[in-house]
Ligand code: SF4
Ligand code: SF4
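Shown next, in the form of structure tokens:
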């Protein structure tokens, strides 16, 4: 595991850049992550997605199904890919400070 | 041409003859013991975690079943002994079906070499049977004519087939294995030694047939001498023939050649093992036994010393 | 290269070059359309063993001291010895012995291997390469044969850290598709050798890809699912599915959960809930319409059919299977049916049959024949013209080659898809999707690139070939893969090569196609925008 500096603080990240200490996540961290994900600068829709993911994660300790994300935010998959070129799982979840999705997903 | 009198040879010759008899006895006993041990080993293998239901798939293009329990409810379709399984197994035995459809040249040499090998065995059996007959006749005045007996034509035919096929097949295989990189890379020296032994045996056999002993009577007499525990002299060339032949027998258990038998277990007891785990069945009993065995795997998520049964219920 | 080169220190044994790879049909016969694999960073190379093929699947860390290095070698050997003990490895002892001792190295099996063929026949991927290396190690270090017989049997090999680490990675370059086993006239199982090497690493050395172990079986047993879905999240997702169903079909359906004494406990791969809820929704719609008495479970492990243990660890396999069976027993269901997940089919239905005894031995079957009976028996009204687009079928190795479930899915497709096309080869002779044995879920570093560029390439070739007549992106086409793992792999393949934009090829499950053909639906159930 490597340490890196995001948003001015030191955070542990995994091999693929997902942060391993979700409690350290904040806006600045997210913005720095978004630079790595070619999602900078973050606009309203970026934040809408990130905040939704974040809230869901805090409630259920897991990322929501992609279909749910699309439905609840009203932002379709194509737009999500435009906002986060890495896609909802590898891009948006990373910026939102969620762990990397696991299992057969 | 042949000496029926066993005592007219030099001491060295006698030692040679005795050595050959001992070697022959050893070779036969060795191969018997080695192969029996292997059969016992494979027949007594513990029950395994059945990894698949290969039964339908290896043999048929369009099997159909409803999943395990419903499949098992159709004993005719689910039996590992069903005709299609046996047939696909025999196809490999009788004409090496997979080799034939994969690579015709390789198949050709392989098949010829096997014809040579099988006829060599039958040839030996015929010689030994003839010798046994002679020996049991309690005839002290063994002559070459007697020993040549009535099976002589068959004997010669088998000898010609086996020597010719042995030479062509083994040389072919050797050249093929050397000239193809993917085969050469994976062929151990022992295999090439085996080819050489076979080729030499067959060559010498041929020379014997053409010069020294056209009826192979000397060979039969050798076995007669063995049975009466009174060596009958053999010529140098025949001695060499016997020596190489026995060497080949001793060599066999060190090669994968015994797959002819172990593959039977591999197909019927492993790949096609459809025996269901039904209440009160021998399979259930066997599972109970192995699940009671203690494991000593030592990774952190395993508690060494637990039985399989305990480990399966242990989920920390 | 020679076989023993695996222990010689070098930068990388092989290099995967774009130009060596299996050629693809139109439009990918144009090299510009092909995608190059990502290289590892130098930092990753430094920390992990990557000198096999420049790819990291397991992520074996370099030792930090001599002592650590020696312990690694020692552990490997002690684990290897345990593979040959009845107590520790009754599970696969018989095929292991047979496969190590009786292969005649005729190489008939070679052409079956998706990784070997697609890589341009790289020696290390040859199905017989791993077994040959292992045989040599066993001869020299376990059976301790003398020098002469080692020479005679060609068992030249030098055991060191590098070899073991490379072998560990190499065990994860075989998808356990077992097409090579099917080809072997002697019943030798080269896939099994990969599996046994993985077991030594996991069961003795504590090393496995984290997606399979930590985040896989361990997380499943602890949290409930390898996806991380806990029972609370499941409840939320089921609610979402019920609302989604209502929106799609205009009718509310109650998804039965923990219904005691139901006829069927349906086990879905929990990845479906996360990534393809339309599949689990489709099952609910079909079962509801056909009046089937079924239930899901909300117990941890009871809502995730997966059993990654089947790929790398016998003990984890037994744990997951036992837990799933306990849940079914406690619910008092008549039988368990497994949804569209290949490895779960095999693990729960076939393999677990040698683990579960007594009251845990509950009848276990595939869900495909139920779907088949509903469709073929006209239990629900279907209109095949609603599926009027080119469709091909991928055969998941586990349920087709290795279990013989070949026909139910075909009978369904033939009835409801007028443009159904078979790819070649298909049925029990299929090629693996390239994502088997856990690959589809191994998402770290450049492994996903490898499984798209190499192990999955032959599947892409088959898919493109079967659709050549309608290859233009204007015609929407569908690859039906009744297995979550295969679906994940095919999704990644299609993305990697940008196939949707280039050729208009989409993918999905089987149940969705059935619902899509239901006549009382107002709008199509399949939504193509999820490519
Ligand atoms: S596994 Fe079978 S087909 Fe492959 S080389 Fe060995 S014997 Fe031949
Ligand atoms: S099991 Fe499949 S992937 Fe593995 S070696 Fe055999 S053919 Fe190749």
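Protein chains in written order, with my numbering: chain X, 1 to 105; chain F, 1 to 316; chain V, 1 to 531.
For glycine and all other residues, C-beta sits at the position ideal for the given N, C-alpha and C.
Owing to the predicted nature of the structure, the values given are computational and were not obtained by experimental measurement.
Near residue i, which residues of its chain fall below 6 Å by C-beta distance, leaving aside the five closest residues on each side in sequence?
i, result
"residue 90 of chain F", "none"
"residue 515 of chain V", "282, 285, 525"
"residue 113 of chain F", "169, 170, 173"
Would residue i and residue j qualify as a contact pair, given that the criterion is a beta-carbon distance under 8 Å?
i, j, result
"residue 440 of chain V", "residue 279 of chain V", "no"
"residue 533 of chain V", "residue 191 of chain V", "With chain V represented from 1 up to 531, any question about residue 533 of chain V goes unanswered, as that position is not in the structure."
"residue 92 of chain V", "residue 259 of chain F", "no"
"residue 52 of chain V", "residue 3 of chain V", "no"
"residue 347 of chain V", "residue 336 of chain V", "no"
"residue 221 of chain V", "residue 333 of chain V", "no"
"residue 130 of chain V", "residue 193 of chain V", "yes"
"residue 264 of chain V", "residue 184 of chain V", "no"
"residue 416 of chain V", "residue 262 of chain V", "no"
"residue 212 of chain V", "residue 308 of chain V", "yes"
Less than 7 Å between the CB of residue i and some heavy atom of ligand 2, yes or no?
i, result
"residue 127 of chain V", "yes"
"residue 176 of chain V", "yes"
"residue 115 of chain V", "yes"
"residue 432 of chain V", "yes"
"residue 191 of chain V", "yes"
"residue 194 of chain V", "yes"
"residue 112 of chain V", "yes"
"residue 75 of chain V", "no"
"residue 459 of chain V", "no"
Would you say the beta carbon of residue i comes nearer than 7 Å to a heavy atom of ligand 1?
i, result
"residue 266 of chain F", "no"
"residue 104 of chain V", "yes"
"residue 188 of chain V", "yes"
"residue 462 of chain V", "no"
"residue 182 of chain V", "no"
"residue 127 of chain F", "no"
"residue 3 of chain V", "no"
"residue 124 of chain V", "no"
"residue 316 of chain V", "no"
Relative to the C-alpha of residue i, which residue among the options is closest?
i, options, result
"residue 166 of chain F", "F:196, F:177, F:52, F:151", "F:196"
"residue 153 of chain F", "F:217, F:46, F:43, F:185", "F:217"
"residue 186 of chain V", "F:267, F:312, F:214", "F:267"
"residue 15 of chain V", "V:55, V:408, V:378", "V:55"
"residue 18 of chain X", "X:76, X:59, X:3", "X:3"
"residue 408 of chain V", "V:264, V:374, V:109, V:161", "V:374"
"residue 469 of chain V", "V:66, V:452, V:504, V:217", "V:504"
"residue 113 of chain V", "V:314, V:325, V:144, V:454", "V:454"
"residue 506 of chain V", "V:517, V:490, V:520, V:181", "V:490"
"residue 190 of chain F", "V:149, V:106, V:460, V:42", "V:149"
"residue 23 of chain V", "V:209, V:363, V:459", "V:459"
"residue 302 of chain F", "F:98, F:314, F:293", "F:314"
"residue 34 of chain F", "F:177, F:256, F:11", "F:256"
"residue 381 of chain V", "V:266, V:84, V:290", "V:290"
"residue 182 of chain V", "V:398, V:523, V:530", "V:398"
"residue 265 of chain F", "V:268, V:260, V:98", "V:98"
"residue 20 of chain V", "V:119, V:9, V:13", "V:119"
Who are the Cβ neighbours of residue i in its own chain at under 7 Å, not counting the five residues just before and after it?
i, result
"residue 237 of chain F", "204, 207, 208, 212"
"residue 8 of chain X", "28"
"residue 8 of chain F", "Residue confidence is low: residue 8 of chain F scores 47 on pLDDT, short of 50, so the model does not pin down where it sits. Its coordinate-derived value is still stated next. Cβ neighbours of residue 8 of chain F beyond the five flanking positions: none."
"residue 427 of chain V", "395, 400, 406"
"residue 3 of chain F", "Bear in mind that the predicted position of residue 3 of chain F carries a pLDDT of just 42, short of 50, making it unreliable; the figure below should be weighed with that in mind. Result list for residue 3 of chain F: 233, in chain order."
Excluding the 5 residues preceding and the 5 following residue i in the sequence, name in chain order all residues of the same chain whose CB lies nearer than 8 Å to its CB.
i, result
"residue 77 of chain X", "66, 70, 88"
"residue 304 of chain F", "295, 296, 297, 298"
Open item on the list: Whether or not the segment 354-373 of chain V and the segment 297-304 of chain V are in contact is what I'm after, with contact meaning three or more pairs of Cβ atoms, one per stretch, closer than 8 Å; do they touch?
Closed with: Short answer: they don't touch.
TODO: Report yes or no: do the segment 393-400 of chain V and the segment 60-77 of chain V share at least 3 C-beta pairs separated by less than 8 Å?
DONE: Counting C-beta pairs closer than 8 Å gives fewer than three between the segment 393-400 of chain V and the segment 60-77 of chain V, which falls short of the contact rule.
Open item on the list: Counting beta carbon pairs with one atom in the segment 263-278 of chain V and one in the segment 237-253 of chain V, are three or more of them shorter than 8 Å?
Closed with: Between the segment 237-253 of chain V and the segment 263-278 of chain V, the count of C-beta pairs closer than 8 Å reaches three or more; the two stretches touch.
Open item on the list: Whether or not the segment 201-209 of chain V and the segment 290-307 of chain F are in contact is what I'm after, with contact meaning three or more pairs of Cβ atoms, one per stretch, closer than 8 Å; do they touch?
Closed with: Cβ pair count under 8 Å is three or more, so yes.
TODO: Could you say if the segment 248-267 of chain V and the segment 64-82 of chain X meet the contact criterion of at least three C-beta pairs nearer than 8 Å?
DONE: As far as the Cβ criterion goes, the segment 248-267 of chain V does not touch the segment 64-82 of chain X, which means the pair count is below three.
Task: Sufficient close CB pairs (3 or more, under 8 Å) joining the segment 23-35 of chain V to the segment 482-502 of chain V - done: A contact exists between the segment 23-35 of chain V and the segment 482-502 of chain V.
Open item on the list: Does the contact criterion of 3 or more C-beta pairs under 8 Å hold for the segment 214-231 of chain V versus the segment 130-144 of chain V?
Closed with: Too few Cβ pairs lie closer than 8 Å, so no.
Open item on the list: Can you confirm whether the segment 23-33 of chain F touches the segment 64-71 of chain V when touching is taken to mean that 3 or more C-beta pairs between the two stretches lie within less than 8 Å?
Closed with: With the rule of 3 Cβ pairs closer than 8 Å, the segment 64-71 of chain V does not count as touching the segment 23-33 of chain F.
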